[in-house]
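Converting from the sequence shown to our numbering requires adding 378 to each position, the first position being numbered 1.
Note that beta-carbon positions come from the ideal geometry of N, C-alpha and C, so glycine has one too.
Quick notes on the structure that follows.
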Amino acid sequence: MTTLPSTTSGERAAELSPQLTAWRRHLHANPELGFHEHETSAYIAAELAKLPHLTITRPSETSVLAVLKGGKPGQTVLLRADIDALPIAEENQFEFVSQNPGVMHACGHDGHTAILLGVAKLLSERPEAISGEIRMIFQHAEEIGPGGAEELVRDTPLMDGVDVVTGLHLNSQLPTGVVAVKPGPFMASPDTFEITVRGRGGHAAHPEEAVDPIAVGAQVIANLQQIVSRNVSALENLVISVTYFHAGTTHNVIPDSAALMGTVRTFDAGLRGRAPKLIERVVKGVTEAHGATYTLKYELGYRPVVNTDWVADKLMAIAQAEVGENAQLAQPSMGGEDFSAYLTKAPGAYFNVGSGNALLESDYPHHHPRFTLDEESLVTGVRMLHAAALELGKR
Ligand code: NI
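Right, dumping it as structure tokens:
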């Protein structure tokens, strides 16, 4: 791995800090759900319009694209930030809490948006220093399947001619200042299933005359755990979680059916293909054994995020130049990300920037009603993405 000379972006990024904070707080106070980011995208487009040299378009109703052509020949680089919020009632107390009841930036996408605005500002100051073309996509609907990335990749020319793609996620479980990069498998495919176990209802005092879908459903859940422990190699990664089990109405009635839902996560395409068959085998076998029947609905979510090795290596070298010993090898996560859609069209890598700081209570997990950011992390994010744009643009 080569170490690159540090860029001058650090100082300028630090100077931008008050502006990054202002952008982030405005976005935090005005969160919108995926596919409904009308005010968010209008705000982003208006802020970008204040900068020189950018071509600004709206690839979809609620996404924004800013393109900057550099003064030197080079690669076409896509930088991505996601802009949507979550259906969570915020429990923070600060003055810029959500003004949209029941909706909250609880994953840090407000920070991602502020960071990419900051990168656009730095890049637009010196287009002559840039090689190639930098496309900055403010992507809608990361949190809601089928996802905004899928739509942009499938229905727009966004990825046409893109040579390499990168983007970051702030991570409250890493200390502020840390940049974590990993070649290869980085985030999992978040597939989902719904199972209905159909028995035969009856009086709870006479179970022998009924087929109890609750007892059968409990067996289904227990046996699904055997797939990971008994059917999959210890060297492979698979998570099967049943997250919903609903049946019945009262003490003395055996209901007709039970409903189960859950998620299946893996990094591996082969295992991802096998999982539905393994699950169906268990559900079919267990329900048949007890005289019940079933329906199984299995839905594929986002693809796993598998980083391109050379891009991740380059980002690691950039991280070492920008943050020194705070550059770390990232742990893979069983979380999902629609960044994977871009990776079907171009090499690229996704990475993490730490935003956790116990003193500021910014170490709540993502999607928690008290999630927040250490705003110092925005400066680190700008440094990294700005340096990445400059380096990846070179041929
Ligand atoms: Ni997120």
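Exposure label - residue i; buried when at least 16 CB within 10 Å
| i | result |
| --- | --- |
| Q603 | exposed |
| G759 | buried |
| G526 | buried |
| H624 | exposed |
| G714 | buried |
| H629 | exposed |
| H778 | There is simply no residue 778 to check, as the chain begins at 379 and stops at 773 in what is shown. |
| Y622 | exposed |
| L494 | buried |
Residue nearest to residue i in terms of C-alpha spacing, selected from the options
| i | options | result |
| --- | --- | --- |
| E393 | R458, V757, K772 | V757 |
| H668 | L738, E587, V531, P568 | E587 |
| A566 | A736, L678, Y672 | L678 |
| A391 | S607, E503, T418 | E503 |
| H490 | V542, R659, V594, L548 | L548 |
| A463 | L426, Y680, A519, N470 | A519 |
| L616 | L398, T644, S607 | T644 |
| D460 | G452, D488, S476 | D488 |
| T686 | A647, E521, D569, G562 | G562 |
For residue i, the three-state DSSP class (helix, strand or coil)
| i | result |
| --- | --- |
| F474 | coil |
| K428 | coil |
| N730 | strand |
| M712 | coil |
| F717 | helix |
| R458 | strand |
| E511 | strand |
| P383 | Residue placement at P383 cannot be trusted, given a pLDDT of 47 that sits under 50; what the coordinates show is reported in the next sentence. Here P383 sits in coil by DSSP. |
| A423 | helix |
| K662 | helix |
| A407 | helix |
| A519 | coil |
| T399 | helix |
| S502 | helix |
Element boundaries [alpha helix (DSSP H), containing residue i]
| i | result |
| --- | --- |
| S604 | Strictly speaking, residue 604 in this sequence is Gln, with Ser absent from that position. Residues 591-604. |
| A797 | The displayed coordinates of the chain run from 379 to 773. Any statement about residue 797 would go beyond what the structure contains. |
| A566 | Neither: A566 is in no alpha helix (DSSP H) and is coded neither H nor E. |
| T758 | 754-771 |
Cβ distance (whole Å) where residue i is taken to contact residue j below 8 angstroms
| i | j | result |
| --- | --- | --- |
| V445 | G555 | In fact, because the Cβ distance is near 31 angstroms, the residues do not count as touching under 8 angstroms. |
| A484 | I466 | 5 angstroms |
| A724 | L693 | Between L693 and A724 the Cβ distance is about 15 angstroms, and since that is not below 8 angstroms, they are no contact. |
| L770 | T544 | 7 angstroms |
| E511 | G449 | E511 to G449, Cβ: 11 angstroms. No contact. |
| L429 | I515 | Their Cβ separation, rounded to whole angstroms, is 16 angstroms, which puts L429 and I515 out of contact at 8 angstroms. |
The beta strand (DSSP E) enclosing residue i, as first and last residue numbers
| i | result |
| --- | --- |
| P553 | 542-553 |
| H624 | 616-625 |
| I434 | 433-435 |
| A583 | That residue, A583, is in no beta strand (DSSP E); it is neither H nor E in DSSP. |
| K675 | 671-677 |
| V445 | 442-447 |
Residues near the ligand FAD, criterion Cβ-heavy atom distance below 7 angstroms: You won't find the ligand FAD in this model; what it holds is the ligand NI.
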